[in-house]
Amino acid sequence: MNFIDWTDDLSVGVVTFDEQHKKLISIINKLFDALKQGKANNILSEIFDELIDYTKFHFKSEEQLMTKYGYKDYEYHLKEHNYLTDKVVDLKEKYKEGDLMISIEVMEFLRNWLKNHILVTDRKYGKFFNDHGIN
Ligand SMILES: [Fe+2]
Ligand SMILES: [Fe+2]
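Counting in my numbering, the sequence shown runs from 197 upward without gaps.
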C-alpha cells in the first residue's frame, strides 16, 4: 500500500505539473517504504536528498512558467515554495545531525506539506495556465 495515493482531486489541470507532483509523491512513498523496511540511514539520507533536489526542480519549473505568463499570485506562491523548501531542508539537516528520527509524524508532515500546497496553492494556477493554452 502506498503512503500517498495519487487521486484526481490532486490534479492542477496542467499535465507537466501533475506528472511532477506524481514524482514527488513517489519519492515520499519510497522514503516511507525504506523506513518500513528498516533501511540504513545512508539509504534514507539519499532518498531525502532526492526529495529535496526534485522539490527544488519542480518549484523552479512552476516559477518559471508563472514568470513567463505574469501570474498575479507569483510573489505569494514563491514565498510558499521558499518556506516549504526551508522546511524540508531543515528536516534533512536535523536528520543528518542525529537530532531527528524519521518517524510516522515526519512522514505525515511530508504528506501534508505536499498535499496542502498542491490542493490549495497550486490548484489556483490551473485556470490561469489553461487560459494561456497550457493544459
Ligand atoms: Fe507550487
Ligand atoms: Fe507544485
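For glycine and all other residues, C-beta sits at the position ideal for the given N, C-alpha and C.
Model, not experiment: these values are computed from the prediction.
Once DSSP output is grouped into helix, strand and coil, what is the label at residue 230?
For this step, residue 230 is matched to residue 34 along the sequence shown. Three-state DSSP puts residue 230 in a helix.
Determine the closest residue to residue 284 out of 324, 270 and 307, with distance taken between C-alpha atoms.
Counting from 1 along the sequence shown, the entry for residue 284 is found at position 88. Ranking 324, 270 and 307 by Cα distance to residue 284 puts 307 first.
May I ask you to report which of helix, strand or coil DSSP gives residue 265?
If you number the sequence shown from 1, residue 265 lands on position 69. Residue state, collapsed to three classes: helix.
Mind checking whether the beta-carbon of residue 215 lies closer than 7 Å to any heavy atom of ligand 1?
Position 19 of the sequence shown, counted from the first residue, corresponds to residue 215. Incorrect: residue 215 has no Cβ contact closer than 7 Å to ligand 1.
Please find out if some non-hydrogen atom of ligand 1 comes closer than 7 Å to the beta-carbon of residue 249.
Along the sequence shown, one-based indexing puts residue 249 at 53. No.
Which one of 229, 223, 217 and 215 has the shortest CA to CA distance from residue 197?
Along the sequence shown, one-based indexing puts residue 197 at 1. When each option's Cα is compared against that of residue 197, the closest is 229.
What's the gap between the Cα of residue 245 and the Cα of residue 238?
Along the sequence shown, read from residue 1 onward, the residue named residue 245 stands at position 49. Along the sequence shown, read from residue 1 onward, the residue named residue 238 stands at position 42. Taking the Cα positions, residue 245 is about 10 Å away from residue 238.
Of the residues 207, 220 and 211, which one's Cα is nearest the Cα of residue 199?
One-based indexing of the sequence shown puts residue 199 at position 3. Closest by alpha carbon: 220.
Could you give the residue range of the alpha helix (DSSP H) that holds residue 335?
This structure gives no information on residue 335, because the portion of the chain shown stretches from 197 to 331.
Going by beta carbon distance, what residues of the same chain come within less than 6 Å of residue 296, once the five residues before and after it are set aside?
Taking the first residue of the sequence shown as 1, we reach residue 296 at position 100. 290.
Which residue marks the beginning of the alpha helix (DSSP H) containing residue 203, and which one marks its end?
Residue 203 sits at position 7 when you count from the first residue of the sequence shown. First-last for residue 203: undefined, no H or E at that position.
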